[in-house]
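Structure record follows, encoded as structure tokens.
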Amino acid sequence: MDSFIYLILISINAIFVSNIVFAQFLGICPYMGVSKKIDTALGMGMAVVFVMTLSNAITYMIQIFILEPYDIGFLKTISFILVIASLVQFVEIFMKKKMNVLYQSLGIYLPLITTNCAILGVALLAIQNEYNFIQSIVFSISSGIGFILALVLFAGIRERLEYAQMPAALKGTPVALVSAAIISLAFMGFSGLVKL
Amino acid sequence: MAAQKKDVLILVLIATFSGLLLSGTYILTKKDIAKAKIEKQKKALKAVMPFLGNNPYEKIVYKYQENTINIFTVTENENFLGAALELKTKKGYSGWIVFYLGVDADGKVTGMYITESKETPGLGDKAKDKKWWGQFVGKSKEDFIFKVEKDKGDVVSITASTITSRAITNASDQGLDLYKDFLANGAKTNVVEAQDGKK
Amino acid sequence: MVKNNENDNEKTKAKTKDRDPLPKIYADGLWNSNPVLIMLLGLCPALAVTSSGLNGLAMGVATIFVLVMANLAVSILRGIIPAKMRIPSFIVIIATFVTVIDLLMEAYANDLHGQLGIFIPLIVVNCIILGRAEAFAYKKSVWKSFNDGLAMGVGFTLALVAMGVIREIFGNNSVFGYNIFGEDFNNVLFMILPPGAFLTLGYLLALSHYINNKRAERKKA
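Protein chains in written order, with numbering that gives the first Met the number 0: chain A, 0 to 195; chain B, 0 to 198; chain C, 0 to 220.
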């Protein structure tokens, strides 16, 4: 029971308290590009959660069964990123065949998931926080959900911002970032919610 | 088919070359990385144990209940002067906090030095200031309750950073219990691995 | 197969003028196509490690190393890297140099290494590096690629240092560790916390937009 509660705490922490976008600064690049419409944002988010969880599972096993026993920890970066890149390739091929509509709407953003700092970041964080396998999976799914939350929140705001009046210099990404600042501030209110 | 084979061969070549470069760098830097770690540790030990001086210290891995921690003991001419406890807690605001707590032979705290923490700058990060941890110095579990005021203890929390304060205080509390057990067992038994560390 | 390509290259070289003179490469990297301010790449580290000027500088220098080395390697190997395998090749090359700088920093700059944390390995997913490998180093000469890497890297570093210094001045009352306003200054803690990062970047971007808009207006007039 204790460890189950710990799992719930990990997920609340990952979604709200240490949201990977607003608190950890991971996953910003696609964020700025994709989050203009809510449906693409959701689709992108789902793809990210999928890749994030699967890659986390694989990288975790690589860490435990290969890197640690043979003391080749320095190969972590290169092995992890190759796993992620290959996974994204597979997802792309799969989506092209079975979910063509979504594939078309995501366009270039799908291969860009490889360079999404969030995926590699979460894989590295799971190791750093010394989670076990189940905790790692819960952590990555929750981080992904936190990412979707951030993306969707943002898409909504950006859709509105398109029609707002403001100085020319602020239009586009600058005002998006200022909005992110305010949301980030709001998310800071969650601190202390979870006593890990 | 020949073209594909050639492509794969080139990829393998690139991978081999990068593997060589990586292993080479790793081998070259291995010693210096270890050295940097030891320097960092020495700095912490010196900071928390004013009685260290030029005496050698010994690292003992001590098992207590379900935890193992590293205790660095200092002896001068066969007299046990005290030790530094390497304590870790995950209950901080963000990530691990790793710190050293210096204690003398009577169980009184002699210093605290935080080596790893990702706490909020300006808030939890203030735990590194002597202004905060100074309140632990000279106190032992006999005359001081190592819990934050919110938990009915004597420790004054950092303003607006109860989480960080609580994490470090509780870890220190547990560490001191462990140290008491260590002393009671003659400061030697339950050793899992001993390693000499000379100046 | 390779010979035909070489002949074509010679012909195109003879026809077109040098489209990438060094001054242009540097003007692009430092301002016109500044990776952070104009191309909006590398935003993750720009936000995460700029809580102080020194951290921003350290990250910038590490990135310059990877950018320059990766550009060099890709450019040197551009004749033999097959087009279909180029992304995996780039990734292997970039990841290698990221690991090298990670190890070097852990050995010789341990404190900074601890400060930057997971953002050092995250250099490998910094879109700038993959972007330049694909858009520049894979197609241009070694010397030009080297300079492009350096220019983009310095541009990136400048943006990061600017952010770091601004946040540090207001949030920590210091510049590179040196106290500025004396003891009585009330630190604006907000600036070194996450919201402050977003805000600083937002306004820095707005400033660069403003400057560029003004320049465009002057050119029209």
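Cβ coordinates follow ideal geometry from the N, Cα and C atoms, glycine included.
In this text, all values refer to a predicted model and were calculated from it rather than measured experimentally.
**Report entry** Which listed residue (B/E85, B/P120 and B/T72) has its alpha carbon closest to that of B/T114
**Finding:** By one-based count along the second sequence, residue 114 of chain B stands at place 115. Comparing Cα-Cα distances from B/T114 to each of B/E85, B/P120 and B/T72, the minimum goes to B/E85.
Query - Sequence-distant residues of the same chain with beta carbon closer than 7 Å to A/S141, five excluded per side - result: For this step, residue 141 of chain A is matched to residue 142 along the first sequence. Cβ neighbours of A/S141 beyond the five flanking positions: I9, S10, A13 and I14.
Query - Uninterrupted alpha helix (DSSP H) stretches inside the segment 152 to 195 of chain A (no shorter than 4 residues) - result: Within the segment 152 to 195 of chain A, the complete alpha helix (DSSP H) runs of at least 4 residues fall at 172 to 187.
Query raised in the report: Within 10 angstroms of its Cβ, does B/R165 collect 16 or more other Cβ (buried), or is it exposed?
Result: In the second sequence, the residue the question calls residue 165 of chain B occupies position 166. By the beta-carbon neighbour count (other beta carbons within 10 angstroms, threshold 16), B/R165 is buried.
Query raised in the report: Any Cβ of chain A within less than 8 Å of the Cβ of C/N212?
Result: The count along the third sequence starts at 1 and reaches residue 212 of chain C at position 213. Yes, because at least one Cβ of chain A sits closer than 8 Å to the Cβ of C/N212.
Query raised in the report: Hey, would you say A/I63 sits closer than 8 Å to A/V82, going by beta carbons?
Result: Along the first sequence, read from residue 1 onward, the residue named residue 63 of chain A stands at position 64. Along the first sequence, read from residue 1 onward, the residue named residue 82 of chain A stands at position 83. Not closer than 8 Å, so no.
Query raised in the report: Quick one: which chain C residues come within Cβ less than 8 Å of B/L20?
Result: As a working mapping, residue 20 of chain B is identified with position 21 in the second sequence. In chain order: T95 and V99.
Requested in this report: Go ahead and label A/S183 buried or exposed: buried means 16 or more other beta carbons lie within 10 angstroms of its beta carbon, across all protein chains shown.
Outcome: One-based indexing of the first sequence puts residue 183 of chain A at position 184. A/S183 is buried by the Cβ-count criterion.
Query raised in the report: Which residues in chain C sit within 8 Å of A/I27, going by Cβ to Cβ distance?
Result: For the purposes of this step, residue 27 of chain A is taken as the residue at position 28 of the first sequence. Contacts between A/I27 and chain C, judged by CB atoms closer than 8 Å, involve L42, C43 and L46 in chain order.
Report task. Measure the CB-CB distance between B/M111 and B/W95 and report whether it falls below 8 Å. Result -> Within the second sequence, numbered from 1, the residue matching residue 111 of chain B stands at position 112. Within the second sequence, numbered from 1, the residue matching residue 95 of chain B stands at position 96. Going by C-beta atoms, B/M111 is not nearer than 8 Å to B/W95.
Query raised in the report: Between B/K87 and B/V97, which are expected to be in contact by the criterion C-beta below 8 Å, what is the C-beta distance as a whole number of angstroms?
Result: Counting from 1 along the second sequence, the entry for residue 87 of chain B is found at position 88. Counting from 1 along the second sequence, the entry for residue 97 of chain B is found at position 98. At roughly 5 Å, the Cβ-Cβ gap stays under 8 Å, so B/K87 and B/V97 are in contact.
Query raised in the report: Is C/E182 helix, strand or coil when you go by DSSP?
Result: Translated into the one-based positions of the third sequence, residue 182 of chain C becomes position 183. Residue state, collapsed to three classes: coil.
**Report entry** Coarse secondary structure for B/A14, derived from DSSP in three states
**Finding:** As a first step, residue 14 of chain B is located in the second sequence; it is residue number 15 there, counting from the start. Correct three-state label for B/A14: helix.
**Report entry** Min CB distance C/I79 to chain A below 8 Å
**Finding:** Mapped onto the third sequence, residue 79 of chain C falls at position 80. No Cβ of chain A is located within less than 8 Å of the beta carbon of C/I79.
Query - Inter-residue Cα distance where the pair is A/D70 and C/Y202 - result: Working through the first sequence from its first residue, we reach residue 70 of chain A at position 71. Working through the third sequence from its first residue, we reach residue 202 of chain C at position 203. Straight through space, the alpha carbons of C/Y202 and A/D70 are spaced by roughly 45 Å.
Requested in this report: Identify the continuous alpha helix (DSSP H) that holds B/A159 and give its terminal residues.
Outcome: Within the second sequence, the letter at position 160 stands for residue 159 of chain B. It is not in any alpha helix (DSSP H) - B/A159 carries neither H nor E in the DSSP assignment.
Query raised in the report: Can a CB atom of chain B be found closer than 8 Å to the CB of A/S142?
Result: Position 143 of the first sequence, counted from the first residue, corresponds to residue 142 of chain A. A/S142 is outside the set of residues whose beta carbon lies under 8 Å from a beta carbon in chain B.
Report task. Spell out a yes or no on whether the segment 38 to 50 of chain C and the segment 99 to 109 of chain C are touching, meaning 3 or more CB-CB pairs, one atom from each, closer than 8 Å. Result -> These segments do not touch.
Report task. Please report the Cβ distance between B/I13 and C/V91, rounded to the nearest whole angstrom; I am assuming they are in contact, meaning their Cβ atoms lie under 8 Å. Result -> The residue labelled residue 13 of chain B in the question sits at position 14 within the second sequence. The residue labelled residue 91 of chain C in the question sits at position 92 within the third sequence. Between the beta-carbon of B/I13 and that of C/V91 there is about 6 Å, and that keeps the pair under the 8 Å contact cut.
Query raised in the report: How would you write the range of the beta strand (DSSP E) that C/I128 sits in, first residue to last?
Result: By 1-based counting over the third sequence, the position of residue 128 of chain C is 129. Not the beta strand (DSSP E): C/I128 falls in the alpha helix (DSSP H), residues C126 to R131.
**Report entry** Length-filtered (4 minimum) alpha helix (DSSP H) runs lying within the segment 87 to 125 of chain C
**Finding:** Counting only runs of 4 or more, we get 109 to 115.
Query raised in the report: Just curious, the alpha helix (DSSP H) that C/S37 is in, first and last residue?
Result: Numbered from 1 along the third sequence, position 38 holds the residue referred to as residue 37 of chain C. The sequence shown places Ile at residue 37 of chain C, not Ser. Looking at the DSSP string, C/I37 is not in any alpha helix (DSSP H), and its letter there is neither H nor E.
Query raised in the report: Should A/I65 be flagged as near chain C, meaning a C-beta pair shorter than 8 Å?
Result: Working through the first sequence from its first residue, we reach residue 65 of chain A at position 66. It does not; no Cβ of chain C falls within 8 Å.
Query raised in the report: Taking just the CA atoms, how far does C/D147 sit from B/L19?
Result: Locating residue 19 of chain B in the second sequence gives position 20, where the first residue counts as 1. Locating residue 147 of chain C in the third sequence gives position 148, where the first residue counts as 1. For B/L19 and C/D147, the gap between their C-alpha atoms comes out near 27 Å.
Query raised in the report: In chain D, which residues lie with their C-beta within 9 Å of the C-beta of C/V35?
Result: Judged by its chain identifiers, the structure shown contains no chain D, and its protein chains are A, B and C.
Report task. Could you tell me if A/T76 is buried or exposed, where buried requires 16 or more neighbouring beta carbons within 10 angstroms of its beta carbon? Result -> Working through the first sequence from its first residue, we reach residue 76 of chain A at position 77. That one is buried.
Query raised in the report: Within 10 angstroms of its Cβ, does C/P193 collect 16 or more other Cβ (buried), or is it exposed?
Result: Working through the third sequence from its first residue, we reach residue 193 of chain C at position 194. In this structure C/P193 is buried. Its beta-carbon is surrounded by 16 or more other beta-carbon atoms within 10 angstroms.
Query raised in the report: Measuring CB to CB, does C/N212 end up less than 8 Å from A/A167?
Result: On the third sequence, residue 212 of chain C is found 213 positions in, with the first residue counted as 1. On the first sequence, residue 167 of chain A is found 168 positions in, with the first residue counted as 1. Yes, Cβ-Cβ distance for C/N212 and A/A167 is below 8 Å.
Query raised in the report: Nearest chain C C-beta to A/S183 closer than 8 Å, yes or no?
Result: Translated into positions along the first sequence, residue 183 of chain A becomes position 184. Contact of A/S183 with chain C is assigned, a C-beta pair being separated by under 8 Å.
Requested in this report: Using a Cβ cut-off of 9 Å, pull out every chain C residue sitting near A/M187, in sequence order please.
Outcome: The residue you call residue 187 of chain A lines up with position 188 of the first sequence. Going along chain C in sequence order, the residues near A/M187 (Cβ under 9 Å) are L192, P193 and P194.
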